[in-house]
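A short write-up of the structure that comes next.
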Amino acid sequence: MFWGYSLAYSRTANAFIGDLANFGLKDVMSAPSPGSPLIPEIVFCLYQMLFCACTVQLVIGGSFERGRILPSLIFAFCWATIVYCPIACWTWNANGWLFNLPSLDFAGGGPVHIASGWSALAYAFVLGKRVHKGDTHGKPHNTTLVFLGTVLIWFGWFGFNGGSALNGSIRSMIAAFNTNTAAGFGVLGWVTVDYIRTKGHFSIVGACSGAIAGLVGITPAAGFVSVWIAALIGFLTAVVCALMKDIDKWLRIDEGMDVFKLHGIGGMCGSFFTGIFAQKWVSALDGASQYSGGLDGVGVQIGRQFAEICAISSYSFVVTCVLLYALKYIPFMHLRVTEEAEMIGLDLDQFFDEQIGDWRLASMTMSRLSDLNFNLNSTTLRVRRIHAFNLVRSLLIMSQDLSRSHPPLVGPRQGAAERDAADI
Numbered sequence: 001m002f003w004g005y006s007l008a009y010s011r012t013a014n015a016f017i018g019d020l021a022n023f024g025l026k027d028v029m030s031a032p033s034p035g036s037p038l039i040p041e042i043v044f045c046l047y048q049m050l051f052c053a054c055t056v057q058l059v060i061g062g063s064f065e066r067g068r069i070l071p072s073l074i075f076a077f078c079w080a081t082i083v084y085c086p087i088a089c090w091t092w093n094a095n096g097w098l099f100n101l102p103s104l105d106f107a108g109g110g111p112v113h114i115a116s117g118w119s120a121l122a123y124a125f126v127l128g129k130r131v132h133k134g135d136t137h138g139k140p141h142n143t144t145l146v147f148l149g150t151v152l153i154w155f156g157w158f159g160f161n162g163g164s165a166l167n168g169s170i171r172s173m174i175a176a177f178n179t180n181t182a183a184g185f186g187v188l189g190w191v192t193v194d195y196i197r198t199k200g201h202f203s204i205v206g207a208c209s210g211a212i213a214g215l216v217g218i219t220p221a222a223g224f225v226s227v228w229i230a231a232l233i234g235f236l237t238a239v240v241c242a243l244m245k246d247i248d249k250w251l252r253i254d255e256g257m258d259v260f261k262l263h264g265i266g267g268m269c270g271s272f273f274t275g276i277f278a279q280k281w282v283s284a285l286d287g288a289s290q291y292s293g294g295l296d297g298v299g300v301q302i303g304r305q306f307a308e309i310c311a312i313s314s315y316s317f318v319v320t321c322v323l324l325y326a327l328k329y330i331p332f333m334h335l336r337v338t339e340e341a342e343m344i345g346l347d348l349d350q351f352f353d354e355q356i357g358d359w360r361l362a363s364m365t366m367s368r369l370s371d372l373n374f375n376l377n378s379t380t381l382r383v384r385r386i387h388a389f390n391l392v393r394s395l396l397i398m399s400q401d402l403s404r405s406h407p408p409l410v411g412p413r414q415g416a417a418e419r420d421a422a423d424i
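Per UniProt numbering, numbering through the sequence shown is continuous, rising by one, with the last residue being 424.
Below is the structure:
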């Protein structure tokens with residue numbers, strides 16, 4: 001709203017970054033948009049703003065279970081300005097150097113997925129590993145929510161890819177159809193790898209990861225390939241991402257949300273496959289563009305896609321690291337929570353309203369423990385305090401399960417919780 005749209009899409013931009021001609025959405029109203037003369041510029045601006053917002057959310061995933069909220073918000077504003085906007089200008093502005101190369105990116109394989117994947121990896125690298133990585137905390141919290149979230153993402157991706165045609169042509173419908181096809185075959189690809197790896201077992205989380213990998217892989221190619229090629233891209237991308245399961249161990253970077261594995265690697269695969277499989281007849285369906293890939297006789301397109309991958313990967317990783325290190329040494333801008341806060345969980349440390357579960361019992365129990373003169377400056381006693389809280393959390397979860405089938409017969413709920421805390 002301030003300068004982001006202007007830096008990415010101003011008509012007077014150079015090959016690398018826009019100017020402030022549209023600062024504060026100046027002259028961004030009913031005029032034909034830079035992306036399509038069929039759409040008012042204010043609609044195009046809103047659509048691209050949502051792209052940016054989704055990308056920033058992915059990047060913040062690199063701070064999983066250890067990043068402070070306030071610094072991440074300031075980082076998000078700075079990252080969108082100096083990382084996302086220049087890359088969007090390179091890729092989608094008519095004056096951008098990748099646009100004129102040309103590299104093929106229909107809906108954001110580079111600016112959204114490759115950039116967010118490498119930036120999330122940089123965030124995790126700067127923060128360091130979680131203190132409890134590898135124990136039960138590392139398991140999926142709630143597979144039901146993972147499944148429901150995947151369904152919502154899958155549905156939203158129809159607008160993400162189909163809408164990137166910026167018109168109502170057959171090409172936009174092909175892009176939407178390709179989106180669904182790639183997601184479905186992505187599930188098959190990941191589940192196949194899991195089935196072989198575990199010798200006959202399946203995983204709901206793996207299936208959901210496969211769907212996301214397929215969606216990411218088809219994003220740059222959605223408006224350039226046929227449905228059958230989309231199926232192949234979704235399947236291959238998911239297989240590659242699934243085979244990268246242990247990439248955190250290889251890199252020795254704790255990126256627990258798998259943003260790099262799914263979006264970074266998936267985006268690079270999708271961009272590379274676009275250079276191979278892009279078909280002229282598909283891009284010509286809207287009458288505005290005709291692009292071919294390696295199998296259509298334009299082998300140099302593979303090199304162009306490789307140039308896009310290298311440029312976006314290196315720029316996003318290096319600049320994100322520099323930005324985070326700069327913020328890290330600003331007073332009151334500590335990027336990471338304390339060790340104790342990490343152990344008890346960010347829900348209790350950073351928020352006052354727990355989203356899942358009611359931790360009042362645990363909070364009151366911790367207060368009781370503090371009354372017993374636990375010395376937080378003593379390492380041994382602090383570890384005992386953390387272990388005590390984890391025990392309380394486990395007991396609380398069990399008590400919540402029991403309370404659903406055996407509600408208290410007498411007394412107010414708050415009083416019962418206080419008594420339970422005192423007993424523990």
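Note that CB positions come from ideal geometry on N, CA and C, so glycine has one too.
Check: Can you name the residues that DSSP bridges to residue 32?; Outcome: 40
Check: By the DSSP assignment, the alpha helix (DSSP H) with residue 295 in it spans what residues?; Outcome: From DSSP, residue 295 is part of no alpha helix (DSSP H); its letter is neither H nor E.
Check: Would you kindly check if the distance between the Cβ of residue 275 and the Cβ of residue 237 is under 9 angstroms?; Outcome: no
Check: Is it buried or exposed for residue 29, if we count other Cβ within 10 angstroms and need 16 for buried?; Outcome: exposed
Check: Could you check the C-alpha separation between residue 343 and residue 112 for me, to the nearest Å?; Outcome: 32 angstroms
Check: By the DSSP assignment, the alpha helix (DSSP H) with residue 206 in it spans what residues?; Outcome: 204–218
Check: Write down the C-beta distance between residue 300 and residue 225 rounded to the nearest angstrom, noting that I regard them as a contact closer than 8 angstroms.; Outcome: 18 angstroms between Cβ atoms; not a contact.
Check: On the three-state DSSP scale, how would you describe residue 130?; Outcome: coil
Check: Buried or exposed, going by whether 16 or more other CB atoms sit within 10 Å of the CB of residue 174?; Outcome: buried
Check: Starting from the C-beta of residue 187, find all residues in its chain whose C-beta is less than 6 angstroms away, skip the five residues before and the five after it, and write them out in chain order.; Outcome: 207, 210, 211
Check: Could you check which residue in 164, 347, 171 has the C-alpha nearest to that of residue 290?; Outcome: 171
Check: Count Cβ pairs between the stretch 325–336 and the stretch 66–79 that sit closer than 8 angstroms; are there 3 or more?; Outcome: yes
Check: With DSSP as the reference, label residue 197 as helix, strand or coil.; Outcome: helix
Check: By the three-class DSSP mapping on this structure, what secondary structure does residue 67 have?; Outcome: strand
Check: Take every Cβ of the stretch 154–167, pair it with every Cβ of the stretch 99–112, and state whether three or more of those distances are shorter than 8 angstroms.; Outcome: yes
Check: Can you look up residue 336 in the DSSP assignment and give me helix, strand or coil?; Outcome: strand
Check: Taking contact to mean 3 or more Cβ pairs, one atom from each stretch, closer than 8 angstroms, check whether the stretch 211–220 and the stretch 149–158 are in contact.; Outcome: yes
Check: With burial defined as no fewer than 16 other Cβ atoms inside 10 Å of the residue's Cβ, what is the status of residue 314: buried or exposed?; Outcome: exposed
Check: For the candidate residues 183, 248, 127, 74, whose alpha-carbon lies nearest to that of residue 156?; Outcome: 183
Check: Identify the continuous alpha helix (DSSP H) that holds residue 227 and give its terminal residues.; Outcome: 227–243
Check: Report the CB separation of residue 59 from residue 116 in whole angstroms; it is logged as a contact under 8 angstroms.; Outcome: 5 angstroms
Check: Kindly list the residues whose CB is nearer than 6 angstroms to the CB of residue 230, restricted to its own chain and excluding five residues on each side of it in sequence; keep chain order.; Outcome: 178, 181, 182, 218
Check: To the nearest angstrom, how far is the alpha carbon of residue 130 from that of residue 169?; Outcome: 48 angstroms
Check: Cα-Cα, which of 199, 185, 323, 98 is closest to residue 15?; Outcome: 98
Check: Might you give, ordered along the chain, the residues of its own chain that have their beta carbon closer than 6 angstroms to the beta carbon of residue 324, omitting 5 neighbours on each side?; Outcome: 126
Check: My assumption, with CB atoms under 8 angstroms, is that residue 193 sits in contact with residue 239. Please give the rounded CB distance.; Outcome: 6 angstroms
Check: Expressed to the nearest angstrom, what Euclidean distance is found between the alpha-carbon atoms of residue 4 and residue 191?; Outcome: 40 angstroms
Check: Should residue 233 be labelled buried (16 or more other beta-carbon atoms within 10 Å of its own) or exposed?; Outcome: buried
Check: Using the Cα positions of residue 316 and residue 25, report the straight-line distance between them to the nearest angstrom.; Outcome: 26 angstroms
Check: Please go through the same chain and pick out, in chain order, the residues whose beta-carbon is closer than 8 angstroms to the beta-carbon of residue 204, but skip the five residues on each side of it.; Outcome: 143, 146, 147
Check: Would you please state the rounded distance, in angstroms, between the beta carbons of residue 235 and residue 160? I believe it to be under 8 angstroms.; Outcome: That pair is no contact at about 20 angstroms.
Check: Compare the beta carbon distance of residue 221 and residue 277 with 9 angstroms and say whether it is the shorter of the two.; Outcome: yes
Check: In chain order, what residues of the same chain lie with their CB nearer than 7 angstroms to the CB of residue 12, ignoring the 5 residues before and after it?; Outcome: 19, 21
Check: With a CB to CB cut of under 7 angstroms and the five nearest residues on each side skipped, what residues in its chain are close to residue 284?; Outcome: 290
Check: Alpha carbon to alpha carbon, how far is residue 260 from residue 247?; Outcome: 9 angstroms
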